[in-house]
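Engineer: Below you will find the structure I want to go over with you.
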Amino acid sequence: MNYDFLHAQKTKIKRKHYSILIIAFLISAGYFYYSSNTSVTTLENTQIITEMPIATKINNNYVLTIGEETPLIFNFTTPGNYWNAKIQVSVPKGLELLKGDLKWEGNLVAEKTRSLAFYVRAVKVGKWETKISIKDSSGKTIKDHVFNVCIDVLEKDAIKRCVS
Numbered sequence: 021m022n023y024d025f026l027h028a029q030k031t032k033i034k035r036k037h038y039s040i041l042i043i044a045f046l047i048s049a050g051y052f053y054y055s056s057n058t059s060v061t062t063l064e065n066t067q068i069i070t071e072m073p074i075a076t077k078i079n080n081n082y083v084l085t086i087g088e089e090t091p092l093i094f095n096f097t098t099p100g101n102y103w104n105a106k107i108q109v110s111v112p113k114g115l116e117l118l119k120g121d122l123k124w125e126g127n128l129v130a131e132k133t134r135s136l137a138f139y140v141r142a143v144k145v146g147k148w149e150t151k152i153s154i155k156d157s158s159g160k161t162i163k164d165h166v167f168n169v170c171i172d173v174l175e176k177d178a179i180k181r182c183v184s
């Protein structure tokens with residue numbers, strides 16, 4: 021009878037240790053998931069900014085000469101739903117909007133990527149940045165971010181390079 025009591029106590033202790041290990045694993049997995057959603061990463065000239073609640077991706081390396089045209093493309097992904105969201109992108113001073121809409125209104129559905137694209141022409145020499153603002157249906161800013169997009173506008177026949 022003494023042996024059965026000791027065996028039951030050891031089994032209870034083992035179960036308690038396994039429970040603690042499982043809880044610790046779940047907490048650490050949640051930490052890594054949360055950390056991965058709140059980082060800033062640069063991959064092959066593409067900047068991914070992931071501040072909850074909106075993930076935004078933009079190519080951040082544009083080098084243009086005066087008169088040259090290029091598309092600017094912004095991609096948005098949300099972990100949650102945002103109904104009647106409003107997105108506004110500003111065109112940098114040295115660029116001229118040729119085609120496309122700088123505003124978007126609609127529903128941002130969880131884990132679905134939306135794109136906003138427009139064409140610009142380089143009109144003034146300089147290094148420029150662009151700003152994006154995302155608001156919910158009540159007008160509250162969800163994300164307001166200035167992208168340090170490398171848009172070097174050069175004189176014609178200049179060497180093309182973008183210095184960050």
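Mapping the sequence shown onto this note's numbering, position 44 (from 1) lands on 64, and the numbers just tick up by one. Just so you know, even glycine gets a beta-carbon here, dropped at the ideal spot from N, CA and C.
1) Would you call A142 buried or exposed, if buried means 16 or more other Cβ atoms sit within 10 Å of its Cβ?
2) Please state if the CB of E175 and the CB of V145 are separated by a distance shorter than 9 angstroms.
3) Less than 9 angstroms between the beta carbons of N127 and N95, yes or no?
4) Apply the 10 Å Cβ neighbour rule to P91 and answer buried if 16 or more other Cβ atoms are within range, or exposed otherwise.
5) As a quick exercise: from T150, T97, K151, V111, pick the residue whose alpha carbon is nearest that of T133.
6) Please report the distance separating the alpha-carbon of K160 from that of G120.
7) To the nearest angstrom, report how far apart S153 and E131 are at their CA atoms.
8) Please report the distance separating the alpha-carbon of Q108 from that of E89.
9) What runs of the beta strand (DSSP E), each 3 residues or longer, lie entirely inside the segment 71 to 147?
Structural biologist: Based on what the coordinates show:
1) buried
2) yes
3) no
4) Classification of P91: exposed, given that the 10 Å Cβ count is below 16.
5) When only C-alpha atoms are compared, the closest one is T97.
6) So the two alpha carbons sit approximately 25 angstroms from each other.
7) 19 angstroms
8) When rounded, the separation of the alpha-carbon atoms in Q108 and E89 is 21 angstroms.
9) 74 to 79, 81 to 85, 89 to 97, 102 to 109, 115 to 120, 123 to 128, 134 to 142
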